[in-house]
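Engineer: Here it is, the structure, as structure tokens.
In the numbering used here, the protein residues as written are 36 to 159.
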């Protein structure tokens with residue numbers, strides 16, 4: 036499914052999403068990733084929300100988001116409350132949704148110049 040037109044230049048946008056794959060601009064990604072307007076990190080360790088640990092949040096925090104859009108896979112699933120609390124305790128908002136919805140939400144927020152990071156899981 037195509038998510039955006041090509042009129043927004045200079046930022047990392049999710050151009051298409053299907054289960055197990057996203058396209059960020061012209062880059063095809065088949066694993067979990069972190070995405071910010073100017074950054075795509077494709078070597079993020081956890082491959083599913085179940086694998087997420089406190090240490091995995093450090094690269095996310097390094098991107099200095101105001102809000103995190105967490106895409107949990109094909110279905111909405113929430114991380115353990117301790118991990119969610121770790122994000123919120125830094126004054127960072129966090130929205131959890133399925134990855135398709137997270138891709139769409141990220142695109143809207145980044146096009147509004149919000150300091151958003153998408154943490155996208157492609158596996159359930």
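In this text, a Cβ means the ideal position worked out from N, Cα and C, and glycines have one as well.
Ignoring anything shorter than 4 residues or poking outside the stretch 58–98, list the alpha helix (DSSP H) runs there in chain order.
Structural biologist: Fully enclosed alpha helix (DSSP H) runs of 4 or longer: 92–97.
Engineer: Around the C-beta of residue 128, are 16 or more other C-beta atoms found within 10 angstroms, so that it is buried, or is it exposed?
Structural biologist: Position 93 of the chain shown, counted from the first residue, corresponds to residue 128. By the neighbour-count rule (16 or more Cβ atoms within 10 Å), residue 128 is not buried but exposed.
Engineer: Any chance you could list the alpha helix (DSSP H) runs of at least 4 consecutive residues sitting entirely within the stretch 99–141, in chain order?
Structural biologist: If we require 4 residues or more, the alpha helix (DSSP H) runs fully inside the stretch 99–141 come out as 116–123.
Engineer: Is it the case that the stretch 145–159 contacts the stretch 95–115, given that we only count it when at least three CB pairs across the two stretches are under 8 Å?
Structural biologist: The stretch 95–115 is in contact with the stretch 145–159.
Engineer: Looking at the unbroken beta strand (DSSP E) that takes in residue 50, where does it start and where does it end?
Structural biologist: Your numbering for residue 50 matches position 15 in the chain shown. Start and end: 49–53.
Engineer: Nearer than 8 Å: is that true of the beta carbon of residue 119 relative to any heavy atom of the ligand NAP?
Structural biologist: The ligand content of the structure shown is nil, which means the ligand NAP is not present either.
Engineer: Is the distance from the Cβ of residue 152 to the Cβ of residue 102 below 9 Å?
Structural biologist: Looking up residue 152 in the chain shown gives position 117. Looking up residue 102 in the chain shown gives position 67. Yes, they are a contact pair.
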